[in-house]
Structure formats: structure tokens, C-alpha cells
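Here the sequence shown is numbered in my numbering, starting from -17 and rising by one per residue.
Cβ atoms here follow ideal geometry from the backbone N, Cα and C, with glycine treated the same way.
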Amino acid sequence: MSETFKPDAEAVEVLKREACFQGFYRLDRVELRHRQFAGGMGPTISRELFVRHDAVCVLPYDPQRDCVVLIEQFRVGAMNKASNPWLLELVAGLIDTDEQPEEVARREAQEEAGLELGALWPITQYFPSPGGSDELVHLFVGRCDSEGAGGVHGLAEEGEDIRVHVWPLEDALQAVKDGLINNAASIIALQWLALNRAEVRGLWV
């Protein structure tokens, strides 16, 4: 990074911001200038910003059986870009204004997979698409007992139809390698668990 570039409160100047659409999500148009690496402010640029609640994703992991619990559901975003728009994913949900990420992880595990989570291990926080969205994802591994897990879950009033799978961790990692698991949160969490499995099991078994 150039030594002349100093990020501070004045590094970005928002000139105008307006709401273009408000539904379940919101779309804003933002006109701004930001400081450039060479020094000085750059030209005015216009960007559409997808505004949404921050999200929580949690990978339920059974350290005794070395198994993970994954959910399968239809995703409209994959409808025209994947041969199968029913994706294998982590348990996930959006954060309401009065909730903590850990609360969301536990609530969604119950609603989407019928699971009671034990300890939660924070993996990271990341922006999945910061070029056009302000969403921040809180990513966890959650300790669980996978015995008896399965079936179809979800809230009928939200149109959820979620099938639960219990897989050996090695099978899930192979599914990542084969491209069967093809969404960011699941890939990140599974690869993190592959790297840290010994430490996690050492503390949780």
C-alpha cells in the first residue's frame, strides 16, 4: 500500500445516497469519492449497494463421530447457473437488531435442523460480496450430537423446506473437492475444520 494513502474518517466522502428499492431487502444508490493510493480524492463514482441484515452461518459438528450436519434447500440465486439449485449448505439466518450472532446460530440450528448446539467456536467474520453488498457473515462451528439427526425442517410460514444430512467430515470435504458443495460459507467452514480438526476434537471429545 502506498505510504501516501492514510485511511481515516475523511478517506470516503458520500455525496448522495438514495433508496432505489425497499422490499425484504433494500437497494441504495450511493454517489461518493474516496482517497486514492497516489494521494488526493478520486472522481465521483456511483454504485448500487445491496443493503441487508448481517448473517450467521454455523457448521454443526459431532466430534465423537467426526460427522457434520448439512442442510439442503432450494436457492433462487443458483436457479439459472447450476444444474441443481438445491444446495448443500450450513445452518444460517439473518441477525435481527436485538440479537447476538450466537443466539441466531442456536435458534437457526433448532429451526432448520432440529439440533441443540453446545459450544460455539468462532471461525471468522467476512464480507461475501463487498463490491455491491454490505452484508457481514459471522461464521461458527457448533458442537452437536448428530445421532438421530435428519428429516425435513424449516418454518412453514417462511416457505422453508429444508432436508437435513449427516455426513462423515471426510465425505463433506470430498464434496467440496468435487464441486458438489459450492457456496462460500460451507467451503470456508469445512476447510477451516479440516485444518483445525485435531484441536477442536481435543477440546470437545
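Judging by CA-CA distance, which residue of 31, -12, 36 is the nearest neighbour of residue 20?
It is -12 whose Cα lies nearest to the Cα of residue 20.
Flag this pair as yes or no: are the beta carbons of residue 30 and residue 14 separated by less than 8 Å?
Against a cut-off of 8 Å, the Cβ pair of residue 14 and residue 30 comes out as no contact.
I need the straight-line Cα distance from residue 117 to residue 86, nearest angstrom please.
Cα to Cα, residue 117 sits roughly 15 Å from residue 86.
Would residue 171 and residue 148 qualify as a contact pair, given that the criterion is a beta-carbon distance under 8 Å?
No, these two residues do not count as a Cβ contact at 8 Å.
How many angstroms separate the CA atom of residue 150 from the CA atom of residue 157?
So the two alpha carbons sit approximately 11 Å from each other.
With residue 36 as the anchor, note down where its beta strand (DSSP E) starts and where it stops.
Careful: residue 36 lies outside any beta strand (DSSP E) and carries neither H nor E.
Does the beta-carbon distance from residue 83 to residue 120 come in below 8 Å?
For residue 83 and residue 120, yes; Cβs fall inside 8 Å.
Are residue 175 and residue 7 close, meaning C-beta to C-beta below 8 Å?
Their beta carbons are not under 8 Å apart, which means residue 175 does not touch residue 7 by this criterion.
Could you tell me the alpha carbon to alpha carbon distance between residue 136 and residue 102, rounded to whole angstroms?
Distance between the alpha carbons of residue 136 and residue 102: 21 Å.
What three-state label does DSSP hand residue 94 in the structure shown?
Residue 94 falls in the helix class under three-state DSSP.
Under 8 Å Cβ to Cβ from residue 61, same chain only, skipping five residues before and after it: list those, please.
Counting only Cβ-Cβ distances below 8 Å, and skipping sequence neighbours, we find 67.
Could you spell out where the alpha helix (DSSP H) holding residue 169 opens and where it closes?
Run containing residue 169: 166 to 186, per the alpha helix (DSSP H) assignment.
Within 10 Å of its beta-carbon, does residue 163 have 16 or more other beta-carbons around it, so buried, or fewer, so exposed?
So residue 163 counts as buried.
Give a yes or no on contact between the region -8 to 2 and the region 68 to 81, applying the rule of three or more CB pairs nearer than 8 Å.
The region -8 to 2, when compared against the region 68 to 81, does not touch it at the 8 Å Cβ threshold.
With a Cβ-Cβ cutoff of 8 Å, do residue 3 and residue 114 count as a contact?
No, these two residues do not count as a Cβ contact at 8 Å.
What whole-angstrom Cβ distance do residue 72 and residue 167 have, given they're in contact under 8 Å?
Sure, about 5 Å apart at Cβ, within 8 Å.
Rounded to the nearest angstrom, what separates residue 50 and residue 125 at their Cα positions?
Their backbone Cα atoms lie some 9 Å apart in a straight line.
Kindly provide the ranges of any beta strand (DSSP E) runs that are 3 or more residues long and lie completely inside the region 29 to 70, ordered along the chain.
DSSP runs (the beta strand (DSSP E)) wholly in the region 29 to 70: 37 to 44, 49 to 56.
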